[in-house]
Every structure is written in structure tokens, then in C-alpha cells.
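Novice:
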Amino acid sequence: MRSSREKYFGHLPIEENSYKADFIILEKYQQYSSEILRIALLTLAIIGYLPKLINDSKQCGLLQKSFQESKSLFIITVVLLIVSVCSCLAHRYFSSDNMTHHIRKLRLRNKFTQEINIQEKEKIEKKIQSESKSFENDLDFSKYSLIIATLCLVAGISFMFITLIKIFFA
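According to full-length UniProt numbering, the sequence shown is numbered sequentially starting from 1.
#1: Report all residues from its chain with a CB closer than 6 Å to the CB of residue 83; omit the five preceding and five following residues, and keep chain order.
#2: Could you check the C-alpha separation between residue 1 and residue 100 for me, to the nearest Å?
#3: For residue 121, which option in 109, 159 and 131 has the closest C-alpha, if you only look at C-alpha atoms?
#4: Quick check: what's the CA-CA separation for residue 43 versus residue 160?
#5: Beta-carbon within less than 7 Å of residue 37's beta-carbon, same chain only, minus the 5 sequence neighbours each way: which residues are those?
#6: Counting only the same chain and skipping the five closest in sequence on each side, list residues whose C-beta sits under 8 Å from that of residue 124.
#7: Where does residue 57 fall in DSSP's three states?
#8: Determine the DSSP secondary structure at residue 45, reduced to helix, strand or coil.
#9: I'd like to check one pair, residue 54 with residue 63: are the Cβ atoms closer than 8 Å?
#10: Quick check on residue 1: does DSSP put it in helix, strand or coil?
#11: Identify which residue in 40, 127 and 103 has its Cα closest to the Cα of residue 155.
#12: So, is residue 17 buried or exposed, given that buried needs 16 or more other C-beta atoms within 10 angstroms?
#13: Among 117, 48, 81 and 30, which one has its Cα closest to the Cα of residue 93?
Structure, rendered in C-alpha cells:
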């Protein structure tokens with residue numbers, strides 16, 4: 001559990017200037033991720049309203065036929081947007097977890113410099129290496145999930161417009 005102060009060295013102080021810029025960068029990336037999430041959810045709402053719009057239309061029969069012909073595009077659009085939403089949520093999780101590893105690594109380095117016992121220093125060094133590896137893994141996951149979210153959103157919106165054009169203007 002991440003709230004254990006002893007396990008995660010929450011009792012060890014670190015200077016704010018050693019991590020403040022990292023939190024600002026994290027906040028900016030998460031704001032970007034939030035915008036992608038909002039746009040993807042809005043696009044899902046629009047595409048979800050499409051069948052009702054078609055059924056309530058005066059040209060219901062003609063539009064339903066066009067919709068049936070474009071159903072595969074409709075499904076691709078929905079899948080791409082859902083992948084975008086899931087990737088945004090994954091980005092938020094991994095980027096937050098990444099910051100946890102970063103802060104813990106900073107605390108471990110402080111403890112390492114204060115420690116006198118050689119055996120204890122070796123244990124701390126192994127923990128620092130482990131945190132560094134976890135940090136890099138989470139950084140990769142958050143980076144790729146944000147890239148996937150963006151690409152799927154762009155593709156999903158493109159497929160949505162193609163679907164709408166095929167249904168209403170074909």
C-alpha cells in the first residue's frame with residue numbers, strides 16, 4: 001500500500017525544489033491527457049446518438065440502409081474511441097505511479113547519503129536501482145499510452161466523419 005510512511009520513506013524530508021518542476025510537468029501532461037479523454041468521450045456521445053438520430057429522421061428508411069452499409073465504420077469508430085479513453089486512463093495511472101517512484105528514489109538517495117553502515121548502504125543502493133527500473137517502466141507505459149490515446153482519438157474522429165458522410169451524403 002502506497003500510504004505506508006515507513007515503507008515509502010515518507011518520514012524522510014526532501015527539498016521541494018528537487019521535485020517541484022517534475023510535478024509541474026506531470027500536471028501539464030495530465031491536463032493534455034484529460035483533454036484527449038474529454039474529446040474522446042464527447043465523440044463517443046455523438047456517435048452513440050447517431051442511431052437515435054437516424055431512427056427519428058423523416059428519411060428513416062434511406063438512412064437506416066446507409067447506416068447498415070456503414071456499420072463496420074461505426075464499430076471501428078467506437079473501438080478506436082474506447083481505446084483512446086482507456087489509454088488516457090492508463091496514462092494518468094502510470095504517470096502518477098511514475099512520480100511515486102521518483103519521490104521514493106529521491107528519499108532513498110537522501111537516506112543513502114546519511115547512512116554510515118556499509119551493509120545498509122548496499123541495501124539502499126539496490127532499492128534505488130529497483131525504483132529506477134520501475135520509474136523507467138512506468139515512464140515508458142505512460143509515454144506509449146499517451147501516444148496511443150492521441151492516435152486513436154485522431155483516427156476515431158476521422159472514422160466518425162467518414163461514417164457521417166457515408167450515412168448522410170452517400
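Backbone N, C-alpha and C fix where the C-beta goes; we use that ideal spot for every residue, glycine too.
Specialist: On the basis of the coordinates in this document:
#1: Its chain contains 152 as the residues whose beta carbon lies nearer than 6 Å to that of residue 83, once the 5 sequence neighbours on both sides are disregarded; these appear in chain order.
#2: With a pLDDT of only 44 at residue 1, under the threshold of 50, the placement of this residue in the model should not be trusted, and no figure is reported.
#3: Nearest Cα to residue 121 within the set 109, 159 and 131: 109.
#4: Looking at the two C-alpha atoms, the distance is approximately 8 Å.
#5: For residue 37, the CB contacts under 7 Å within the same chain, skipping 5 residues up- and downstream, are 85 and 88 in chain order.
#6: For residue 124, the CB contacts under 8 Å within the same chain, skipping 5 residues up- and downstream, are 108, 111, 112 and 115 in chain order.
#7: Of the three classes helix, strand and coil, the one that applies to residue 57 here is coil, per DSSP.
#8: Reduced to three states, the DSSP call for residue 45 is helix.
#9: Yes. Within cutoff.
#10: Confidence at residue 1 is low in this model, with a pLDDT of 44, below 50, so the placement of that residue should be treated as unreliable; the coordinate-derived value is given next. Here residue 1 sits in coil by DSSP.
#11: Measuring from the Cα of residue 155, the nearest candidate turns out to be 40.
#12: That one is exposed.
#13: For the residues 117, 48, 81 and 30, the minimum Cα distance to residue 93 belongs to 30.
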